[in-house]
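Engineer: In the numbering used here, the protein residues as written are 938 to 1203. Cβ coordinates follow ideal geometry from the N, Cα and C atoms, glycine included.
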Amino acid sequence: MDIINAIFLGVVQGITEFLPISSSAHLILTPLLAGWQDQGVAFDLAVHVGTLLAVLLYFRRDVTALTQDGAMSFQRRQFVGQGKLALYIVVATIPAVIAGLLLMELIDNQLRSVAIIFVTTLLFGLMLGWADLRPNKQRQLNDLKLVDVVLIGLAQAVALIPGTSRSGATITMALFLGLSREASSRFSFWMAIPITALASAAKLIDVAQSNLSVDWLAFLIGGISSFIMALTAIHFFLKWLNQYGMWPYVIYRILLAGLIYFFFLT
C-alpha cells in the first residue's frame, strides 16, 4: 500500500470511528471514490488498534476506575463504586458479539453495498437528529437501568450494518431513553473499548490464519495516523458537544447521502 494511502485511510478511520458518521462507510467509500484497491484485513487491524489505544488513553482514568471497581464488585458479590457501570458495559457488548458471530458473513458479503450505505447513512442520520431534538434529556449515567443498557446494546448490534455508525446508533438510542448528550456520548465511548478490542482480536486471527503477507510499514503508519486523529476527534467532539449538539453530524450525513446518491446511484 502506498504511504499516502495509508496515512489518508488512517486519518479517515481515526476521525470517523468515534464521530456518529460511520467509519465503515467511509472506509468502503474512500477506495471506491479514489480508485484504490481494498486495504485488506491487516490494515483494518492496524487502524482498529490505533483507535482502541486512543480511547484507552483518553479515558484512562475512567477505564482504570471501571476495571478496578468491576473486579472488586465481582469478588465481593456486591457493587462497589462504578462496578454497576462496568457490568452494564459488558452487558451492552453482548448483543453485538452475538450478532457478529451469527451474521458477520451476511454483513460482509451482502450488506456492504453502496445502496445500503446510502439508506443507513440517511436514515440513521435523521434518527440522530430527531433524538437530539427531543426534550427532557436529563438522565445521567447513574440513572441507567438494565433495560436501557440492553436497548443501547441492541443499537450497537444494528450498527454492524455499514453506514449505520456504532457511536451514532448508541448515542441515538441513549438520547431517546432520556440521557443527556454528555452521558450518552461518554457511555458510547466506553462501550467502544470492549467491542473494538474483540473486533481487533478477530481481525488478528484472520491475519494469522491467512497466507497474505503483511505490509508492516503501512500497518504502522495506518495505526499511528488513526491513533492521533482518534484522540483529536474524541477531544473536540466532547468539547463542542453542548455547544453544537448532534446536528453538525446530522447535516454531514445528509450531505454524504446526497453525494453517495449522485456519484454511485444515478
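Let's see if you can read the secondary structure: which residues bound the alpha helix (DSSP H) around residue 1058?
Structural biologist: That run of the alpha helix (DSSP H) goes 1051-1070.
Engineer: Just the C-alpha distance for residue 970 and residue 1092, rounded to the nearest angstrom, thanks.
Structural biologist: Looking at the two C-alpha atoms, the distance is approximately 29 Å.
Engineer: Please look up how many angstroms separate the CB atoms of residue 1167 and residue 992, rounded, as I've assumed it's under 8 Å.
Structural biologist: Indeed they touch by this definition, with Cβ atoms about 7 Å apart.
Engineer: Return the bridge partner residues of residue 1076 from the DSSP annotation.
Structural biologist: Paired residue(s): 1116.
Engineer: For residue 939, which of helix, strand or coil comes out of DSSP?
Structural biologist: Reduced to three states, the DSSP call for residue 939 is coil.
Engineer: Enumerate in chain order the residues of its own chain whose CB-to-CB distance from residue 1127 is below 6 Å, with the five nearest sequence positions on each side excluded.
Structural biologist: Counting only Cβ-Cβ distances below 6 Å, and skipping sequence neighbours, we find 1026.
Engineer: Using the C-alpha atoms, what's the distance from residue 1079 back to residue 1017?
Structural biologist: Each residue's alpha carbon lies about 13 Å from the other.
Engineer: Taking DSSP as the reference, what is the three-state secondary structure of residue 1139?
Structural biologist: If DSSP states are grouped into helix, strand and coil, residue 1139 belongs with the helices.
Engineer: Apart from the five residues on each side of it in sequence, which residues of its chain come closer than 6 Å, Cβ to Cβ, to residue 1129?
Structural biologist: Once the five neighbours on either side are set aside, the close Cβ partners of residue 1129 are 992.
Engineer: Where does residue 1045 fall in DSSP's three states?
Structural biologist: DSSP places residue 1045 in helix when its eight states are reduced to three.
Engineer: Expressed to the nearest angstrom, what Euclidean distance is found between the alpha-carbon atoms of residue 963 and residue 949?
Structural biologist: Computed Cα separation, rounded: 7 Å.
Engineer: Please list the terminal residues of the continuous alpha helix (DSSP H) segment that includes residue 989.
Structural biologist: Segment 977-995, the alpha helix (DSSP H) holding residue 989.
Engineer: CB-CB under 7 Å to residue 982, same chain, minus the five flanking residues each way: which ones, in chain order?
Structural biologist: Cβ within range, chain order: 1137, 1140, 1141, 1144.
Engineer: Which residue comes first and which comes last in the alpha helix (DSSP H) that contains residue 960?
Structural biologist: That run of the alpha helix (DSSP H) goes 960-971.
Engineer: Considering only the beta carbon of each residue, do residue 1100 and residue 1030 sit closer than 8 Å?
Structural biologist: Not closer than 8 Å, so no.
Engineer: Can you give me the Cβ contacts of residue 1132 inside the same chain, cut-off strictly under 8 Å, excluding the 5 residues immediately before and after it?
Structural biologist: Closer than 8 Å at the Cβ level, and outside the excluded window around residue 1132, lie 1030, 1033, 1034, 1093, 1103.
Engineer: Anyone know if the C-beta pair for residue 951 and residue 1162 falls short of 8 Å?
Structural biologist: Cβ distance < 8 Å, so residue 951 and residue 1162 count as in contact.
Engineer: Please state the DSSP three-state secondary structure of residue 1110.
Structural biologist: Residue 1110 falls in the helix class under three-state DSSP.
Engineer: Between 1081, 977, 995, which has its C-alpha nearest residue 1164's C-alpha?
Structural biologist: Answer by Cα proximity: 995.
Engineer: Rounded to the nearest angstrom, what separates residue 1134 and residue 1125 at their Cα positions?
Structural biologist: Answer to the nearest angstrom: the Cα atoms are 15 Å apart.
Engineer: Check whether the Cβ atoms of residue 1155 and residue 945 sit closer than 8 Å, and answer yes or no.
Structural biologist: Not a contact, by the Cβ cut-off of 8 Å.
Engineer: Assign residue 1099 to one of three DSSP states: helix, strand, or coil.
Structural biologist: In this structure, residue 1099 counts as coil in the three-state DSSP scheme.
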